[in-house]
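A.B. asks: Residue numbers (my numbering), protein chains in the order written: chain L, 58 to 429; chain F, 58 to 429; chain C, 58 to 429; chain G, 58 to 429. Idealized CB from N, CA, C, for every residue including glycine.
4 protein chains.
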Amino acid sequence: MKNSLPRASLRELGVHLGQLQPGPLNAITDVAGVRVGHATLVLGDGPLQPGHGPVRTGVTVILPHADNLYQEKVHAAVHTINGFGKVAGFEQVRELGTIEAPIALTNTLNVGLVLDALVQHAIHQNPCLGIDAHSGSVNIVVGETNDSYLNDIQGRHVRAEHVWQALVSAQGGPVRQGAVGAGAGTLCYGWKGGIGSASRLLAPELGGFCLGALVQSNFGSRRELVIGGVQIGRQLRHLQEPPPTSPGSIMIVLATDAPLSSRQLQRLCVRAAAGLARTGGALRHGSGDFVVAFSTAERLPHLPASLTASRAVLLDEEPVMNGLFLAVIESVEEAVLNSLTCAETVIGRDDHLGQALPLEPLLELLRLDVLK
Amino acid sequence: MKNSLPRASLRELGVHLGQLQPGPLNAITDVAGVRVGHATLVLGDGPLQPGHGPVRTGVTVILPHADNLYQEKVHAAVHTINGFGKVAGFEQVRELGTIEAPIALTNTLNVGLVLDALVQHAIHQNPCLGIDAHSGSVNIVVGETNDSYLNDIQGRHVRAEHVWQALVSAQGGPVRQGAVGAGAGTLCYGWKGGIGSASRLLAPELGGFCLGALVQSNFGSRRELVIGGVQIGRQLRHLQEPPPTSPGSIMIVLATDAPLSSRQLQRLCVRAAAGLARTGGALRHGSGDFVVAFSTAERLPHLPASLTASRAVLLDEEPVMNGLFLAVIESVEEAVLNSLTCAETVIGRDDHLGQALPLEPLLELLRLDVLK
Amino acid sequence: MKNSLPRASLRELGVHLGQLQPGPLNAITDVAGVRVGHATLVLGDGPLQPGHGPVRTGVTVILPHADNLYQEKVHAAVHTINGFGKVAGFEQVRELGTIEAPIALTNTLNVGLVLDALVQHAIHQNPCLGIDAHSGSVNIVVGETNDSYLNDIQGRHVRAEHVWQALVSAQGGPVRQGAVGAGAGTLCYGWKGGIGSASRLLAPELGGFCLGALVQSNFGSRRELVIGGVQIGRQLRHLQEPPPTSPGSIMIVLATDAPLSSRQLQRLCVRAAAGLARTGGALRHGSGDFVVAFSTAERLPHLPASLTASRAVLLDEEPVMNGLFLAVIESVEEAVLNSLTCAETVIGRDDHLGQALPLEPLLELLRLDVLK
Amino acid sequence: MKNSLPRASLRELGVHLGQLQPGPLNAITDVAGVRVGHATLVLGDGPLQPGHGPVRTGVTVILPHADNLYQEKVHAAVHTINGFGKVAGFEQVRELGTIEAPIALTNTLNVGLVLDALVQHAIHQNPCLGIDAHSGSVNIVVGETNDSYLNDIQGRHVRAEHVWQALVSAQGGPVRQGAVGAGAGTLCYGWKGGIGSASRLLAPELGGFCLGALVQSNFGSRRELVIGGVQIGRQLRHLQEPPPTSPGSIMIVLATDAPLSSRQLQRLCVRAAAGLARTGGALRHGSGDFVVAFSTAERLPHLPASLTASRAVLLDEEPVMNGLFLAVIESVEEAVLNSLTCAETVIGRDDHLGQALPLEPLLELLRLDVLK
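1. Taking a Cβ distance cut-off of 8 Å, strictly less, list which residues of the segment 210-224 of chain C are near chain F, in chain order.
2. Between F:Gly269, F:Ala190 and F:Val112, which lies nearest to F:Leu360 when the distance is taken from Cα to Cα?
3. In whole angstroms, what is the alpha-carbon distance linking L:Ala65 and L:Gly80?
4. Contact check, C:Ser319 vs C:Ala158 under 8 Å by CB: the rounded distance?
5. Say whether chain L places a C-beta atom closer than 7 Å to the C-beta of F:Met58.
6. Indicate whether the contact test is met: 3 or more Cβ pairs, each with one atom in the segment 111-120 of chain C and one in the segment 202-211 of chain C, closer than 8 Å.
7. Consider the Cβ of C:Gln149: report whether some Cβ of chain F lies at a distance smaller than 7 Å.
8. So which residues of chain C does G:His109 contact, with C-beta pairs closer than 9 Å?
9. How big is the Cα-Cα spacing for C:Asp407 and F:Gly230?
10. Please state whether DSSP places G:Leu423 in a helix, a strand or coil.
11. L:Gly142 versus chain G: which residues are under 9 Å apart at the beta carbon?
12. List the residues of chain G whose Cβ lies closer than 9 Å to the Cβ of C:Ile386, in chain order.
13. C:Ser363 by DSSP, collapsed to three states: which one?
14. For L:Gly71, which of helix, strand or coil comes out of DSSP?
15. Is C:Gly411 helix, strand or coil by DSSP?
16. Would F:Thr365 pass as a contact of G:Ala369 if the rule is Cβ separation under 7 Å?
17. Counting only beta-carbon atoms, is L:Asn379 nearer than 7 Å to chain F?
18. So which residues of chain F does G:Asp373 contact, with C-beta pairs closer than 7 Å?
19. For L:Gly411 and chain G, any beta-carbon pair shorter than 7 Å?
20. Whether or not the segment 132-152 of chain F and the segment 186-204 of chain F are in contact is what I'm after, with contact meaning three or more pairs of Cβ atoms, one per stretch, closer than 8 Å; do they touch?
21. Quick check: the Cα distance between C:Leu402 and G:Leu258, rounded to an integer number of angstroms?
22. Does chain F have any CB closer than 7 Å to the CB of L:Ala134?
23. Mark G:Pro63 as exposed unless 16 or more other C-beta atoms lie within 10 angstroms of its C-beta, in which case mark it buried.
24. Which parts of the segment 81-116 of chain L are runs of the alpha helix (DSSP H), unbroken and 4 residues or longer, counting only runs that do not cross its ends?
25. Can you grab the Cα-Cα spacing for the pair C:Ser306 / F:Asp173, in whole Å?
26. Check the Cβ of L:Asn275 against every Cβ in chain G and list those closer than 8 Å, keeping chain order.
27. Given G:Gly380, which residues of its chain have a CB within under 6 Å of its CB, disregarding the five upstream and five downstream residues?
28. Does the count of Cβ pairs from the segment 213-224 of chain L and the segment 288-296 of chain L closer than 8 Å reach three?
29. By Cβ distance, which residues of its chain are closer than 6 Å to L:Gln128, with the 5 residues on each side in sequence left out?
30. In whole angstroms, give me the CA-to-CA distance for C:Ile119 and C:Arg92.
31. Determine, for F:Asn162, whether the minimum Cβ-Cβ distance to residues of chain L falls below 7 Å.
32. Give the C-beta separation of C:Ile138 and G:Val327 to the nearest angstrom, bearing in mind that I take them to be a contact with Cβ-Cβ under 8 Å.
33. By the criterion of Cβ-Cβ separation under 7 Å, what are the contact partners of F:Gly264 in chain G?
34. In whole angstroms, give me the CA-to-CA distance for L:Ile404 and G:His178.
35. Using a Cβ-Cβ cut-off of 7 Å, state whether G:Pro104 counts as contacting chain L.
36. Less than 7 Å between the beta carbons of L:Gly251 and L:Ser396, yes or no?
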């Protein structure tokens, strides 16, 4: 089977899902100020030598803004769909409703080292950290999925320098998707998955807000994949031997410029599960399915100058909340699918195959339905 | 438009969704011992006279078993998908992990009276209640959705005698679905909804467990409805003027004979949202979306004779947990759809129309896709 | 044993606990606008005739302000310390972070009827309720404790008219405490408990905010009571035969004029448990221990005129948050103790005795310690 | 002021708090099989050179049993009292209700490196980890408090070898308390705090179960400390200049041999806050207050051989649950106090003083009250 079509997002391939319009980039970076950076580690081939390779992993960082996040925090929320996973940093977000450092995604066994690297980064930016009584600590959110089918995960090959590299390369503009960064070695619905992103805009009368999603996809078995209601997975599953179903997981990051409180952002997080479900996701036992959401609408100074502040807040009304909820559902759905259509085939440890979702037969199937 | 086909479940209409097999009744009553009873209130016609009618409402009760539930409790869990609703009894289920009374569904403003009636019922069954120090109280779970488009909801027409009637009529066997009981006046995806049920069986090597769902459906706008991946809502929405989108809600009750702990039952509850999403559900702001789950595998005596007991428990393993999760997703999806295909047209207050989902065009559309 | 001292709050008796100053009334009504109303039901004597009396119960309502709460909601939060109880209305407060009706406290088996009465009240104030699509429902928070040792709880003697009576009588100013309203029949630490209230003021440099607590106390065994660190319970327990330990419960309502979000109010709720613990509370298995908190600082219109609003918010800073937290702890501690020192002896069903905490020996014991 | 009395636990000093009897060691190791290990890092003196010292920190590990925890997991639960902290591993415990690796405590900025070391340890014990599809990942629980007043916390001086050292040294028997392990550099109520432990036994008729607590104490200001109801903090606070109040935190680990489910263990966790409150704890804004509980009664195989298992479970009954709850409250209270009475004075970075709680004046004050 050949894949002559270049890898591209579903929409670039001509498939338009959902009711809402995407932003210009159809990516989380449509939310002004948000930056994404990757460090991709691809080293070695052949049989697994635990601790030594082959390496198919990486780290992806999402920055709510380009300035010092510790000094200028953003409102945030977290949500656990299925907690079979190793995220760090959730308790403090639940309590305080803020993000104060770059969000990082990596592989399951690398959470510790990536967390430590981001602590180091925060110290570098804030030399008072842990010294000044008013800046005692920093909370780091790290998410993960398990890339062990392709990657020597025991090696914990993502080190501090890769985190720097991801941070330094972080930028607005188009997001590199597929087998990059934290998505270098992940599988989704039995095909090569990885990083995917998408966005939606609300109508001007609903505030014209932008909502974007970025996922690290690593879940599902081949027969489950659904695109636009079409049972793609079932129809394509015989093209090739699928990899054994592994536990899998998904990390979902949501960004918006709507002025939401942490309570409202938490409500957004809950809706991400419906986006997953639209792609056929069955919320499996072994899947660590986590959501992080933040709003860029306001920056909260680390050391406020006053007791109270005046804040613009979105009111909990049907049309606008439903608009945001639908934006979450559609963005997450499309981000998952983009992680598939963007990812190139990756051959990993022990010659394990992470086969790219074949685009020609996909489009042929969709043409009969969604594209008609 | 005429509906010459008799109202029936989706599967009776020849549409088979999902991978798993349903139980013999394809209803929550496939879980041995579970009983369902309805009292349906239909009175009067014409303009709304608040407090006086017309009445299109009712109550539905679900009994985990036919004996005294207070004396023989069952393991249970609850979950809130979206909390814009008025369920009662959730806190104690969260703390103790048990159900000790019939579960009742009714309309939004009737929760108080139905709760009181079930307290009265519990006293009747257990004369010591509130007298004996060891039987101080009883926890009642009542769920609701808002039937105010068709019903004089201000009237709170469901009284104690209707609850008795539902309890007395509760039985195993086929479940009456559609515009009955608590579903008498509800709308779903802009069509007449109501009570729906479905079930799934696990393979013998996964324990052969049975899982059933019963829903009181009252959510969604017409354009959102999806059946088997087909955008039914969009294609049928011009057949007729839809009702104005109302806040809506859904109550979901899950039953299983698998020996699950309250923690495991809670995990089942979380998966119900994916079943909703498969039908197009967008988890709207104004929707009270709640799930209650129980296991019939063990009965817990109100006054135990010993400190500890020996209990058979299901272990948290991939295949069986995933089987149960998929059973939840498929049962909830099909129960929602059955509430639509079973419901007859209901004309309510102010001649508001709850139009039955037209079956012929539905099947024609599905024939092109799911049924091919 | 004679009680020649008139019943009074602990502070009126000369015992000053805590570091912070109370407001002028030392009651929840120190928070401007808050009103409290009681209806107390005392009927009959002698042997229990289930359903007929004797009656020692009632209802207490707390109004965040005197206007239409449905049209002008307030920010709120709820918290469950131990969920063995039957509160209603918690799910919607968790989701939306608002209170939109009077908060009511009553006995365990009366939650349904009180809830229904408050629905009726909301309809009376808002005739559109359940008719207008934008006003489909109302969320009612009802709390309860179990007064069955003194009261014919099976009778559910609190009816709609008693709720009206409590609402009509609700006022600012001093709060009647002890064996009144929902506290008519409750026991606390083996003595007669009931309604108690207290308040604390923050220093002007911390915003000068006011925080008040009101409790319905009904928990604990005699030997556990601690006042100002003194083991009062142990030392007074032999004065008289204590009642058998009953399951017990406590409802705690917190009010503040600080401009807190629902997230911050939830943090306040969590601290209430420390106030309980200071009085010796052991958070028993059978106790339904619940907290509701609201802020009067902002009113949220039911139908907002715009998408966003500007809001003054308190920033999460050490001194002011710690001040509020301490105010919660001290107010709850003192409110519990006031419910004891204010309550008169009540003789209930079957001549069960709810003995007033004897003040002379109490003060004598405290004089050696706290008062020295 | 001289401290001629040797540092010792409160009970060894003759002060007996609470109603229940401690186990023979009055430590978490009274729960059979539980092991505790410390690595204490004390290096350098004088001015802080960030990243280089002086070092006053460490790591403490708690092992539910001495065998391979990944292969033989234990039932567990977690609870967040105040989430201003950086614990790792909580989400998976919430979902699955198990602990599968040693629990580690360390300083706030060292969570990443300690987590990574424990991943490495799990790989060492289980070479299949991350390779075999059935052993994809391991969940590590790491807690922390902030020792930056005495320690060069930026240096993250706890490395993998210190974790090995703590693991290797872990043993049953008496627990070293005070300024050891993760408690080397922490402060509590303005005095030197650190590791503390205590235990309680239930009466034989309540199953004779044992419950133990271990804390890493690092919270509170001097004036708040209460022992046995006596305001020790206020009376001793002028002995010496207290350190500036820092944010502080506490980690609490509970162990029991009672056969509890994760739901029941979670209920135990909630009661820990009442133990804190008895010592004067005010649950401050900046405090990360977390609880982890496990039961040694059953071991759950990583790869079960069957779908279901038979399990002895404790039934939720008043006397035994209340006994366990009281055991939690008393053990946590006494563990916090033992961390104070056991800790020696520590002089840290910049000659910051962590003054040992002076025992003579303490006992003199208590003699007037508790000891009389």
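C.D. replies: In this structure, then:
1. Ile210, Gln211 and Arg213
2. F:Ala190
3. 17 Å
4. About 16 Å; that fails the 8 Å criterion.
5. Any reading at F:Met58 must be qualified, since the residue scores a pLDDT of 45, below 50, and its modelled position is unreliable; the value itself is stated next. Closer than 7 Å: no.
6. yes
7. yes
8. In chain order: nothing, as chain C lies at least about 29 Å away.
9. 47 Å
10. helix
11. Glu148, Gln149, Glu152, Ser194 and Asn196
12. Ala334, Ala339 and Leu340
13. coil
14. coil
15. strand
16. yes
17. yes
18. Leu153
19. no
20. yes
21. The sequence given here has Thr at residue 402 of chain C, not Leu. Those two C-alpha atoms are separated by around 37 Å.
22. no
23. exposed
24. none
25. 20 Å
26. Per Cβ cutoff of 8 Å: no residues; L:Asn275 is ~11 Å from chain G at best.
27. Leu259 and Leu263
28. no
29. His359
30. 6 Å
31. Going by the sequence as given, residue 162 of chain F is Leu instead of Asn. No, no contact with chain L.
32. 7 Å
33. Leu364
34. 29 Å
35. no
36. yes
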